[in-house]
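J.: Quick one: this structure, given as structure tokens, is what I'll be asking you about.
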Amino acid sequence: MKKVNVVFGTVYGSAQFTAETVTKAIAKLGFTTKLWQPNELLDFVPPQDEFLIIVSSTTGHGDIPEDIAPWFNELKSAAPYLPALQYSLIGLGDSSYETFCGAIKKFDELLAELGAKPLTERLEIDACETMEPEIEAKTWIASWHNAVTSVSVA
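Residue numbering for the sequence shown follows numbering that gives the first Met the number 0, starting at 0 and increasing by one per position.
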């Protein structure tokens, strides 16, 4: 099985807790996982033979959290071509703002520019609807696993 790299960007800790929950759930499915702390990401280029999951909250006016912004900017400036990378995204936000899940949308745009392919549809978790984003993310794991299984069989 391919390794799964989980990256998170957070302001108040919800995205980190959600990423930790997702990482544990995926490990229980038998995958080797690595939960990257934001301070470990400098020079990290996601390996194309591994899966990538990014969990991020949104801050300000649709901005990427400060803890993960340097990695985003580094990827954007280095612009590695990643045509074999398959990724999934989980965004945390508040739909009462126009920039709902703006950070994860920026990651989606960047990864598409780098040639990477989405493995699943982007999961956008609305703080107006749920106070426990990790529960919604854990439920999402089933669809992620189905997508991974479909790719592995193909």
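All C-beta atoms in this analysis are idealised placements derived from N, C-alpha and C, irrespective of residue type, glycine included.
(1) How long is the line joining the alpha carbons of Lys2 and Met130, rounded to whole angstroms?
(2) With contact counted as at least three CB pairs below 8 Å, one residue from each stretch, are the segment 98-108 and the segment 50-67 in contact?
(3) Whole angstroms is fine: what's the gap from Thr148's alpha carbon to Lys23's?
(4) Considering only the alpha carbon of each residue, which of Ala146, Ser13 and Asn38 lies closest to Ile124?
(5) Sort Thr17, His60, Phe7 and Lys75 by Cα distance to Thr138 and report the nearest one.
(6) So Leu91 packs on Pro132, CB below 8 Å; how close in whole Å?
(7) Can you find the residues in the same chain that come closer than 8 Å, C-beta to C-beta, to Leu118, ignoring five residues on each side of it along the sequence?
(8) Taking only the alpha-carbon atoms, compute the straight-line gap between Gly29 and Val5 and give it to the nearest angstrom.
T.: In terms of the structure at hand:
(1) Counted from its first residue, the sequence shown places residue 2 at position 3. Counted from its first residue, the sequence shown places residue 130 at position 131. Their backbone Cα atoms lie some 30 Å apart in a straight line.
(2) yes
(3) Within the sequence shown, residue 148 is the residue found at index 149, counting from 1. Within the sequence shown, residue 23 is the residue found at index 24, counting from 1. If I take the Cα positions, the gap works out to 18 Å.
(4) Residue mapping note: residue 124 aligns to position 125 of the sequence shown, counting from 1. The option with the nearest alpha carbon to Ile124 is Ser13.
(5) Within the sequence shown, numbered from 1, the residue matching residue 138 stands at position 139. Ranking the options by Cα distance to Thr138, first place goes to Thr17.
(6) The residue labelled residue 91 in the question sits at position 92 within the sequence shown. The residue labelled residue 132 in the question sits at position 133 within the sequence shown. With 8 Å as the limit, Leu91 and Pro132 qualify as a contact, their Cβ atoms being about 5 Å apart.
(7) In the sequence shown, the residue the question calls residue 118 occupies position 119. Phe50, Gln85, Tyr86, Ser87, Trp143, Ala146, Val147 and Val150.
(8) Here the question's residue 29 lines up with position 30 in the sequence shown. Here the question's residue 5 lines up with position 6 in the sequence shown. The alpha-carbon atoms of Gly29 and Val5 are separated by roughly 15 Å.
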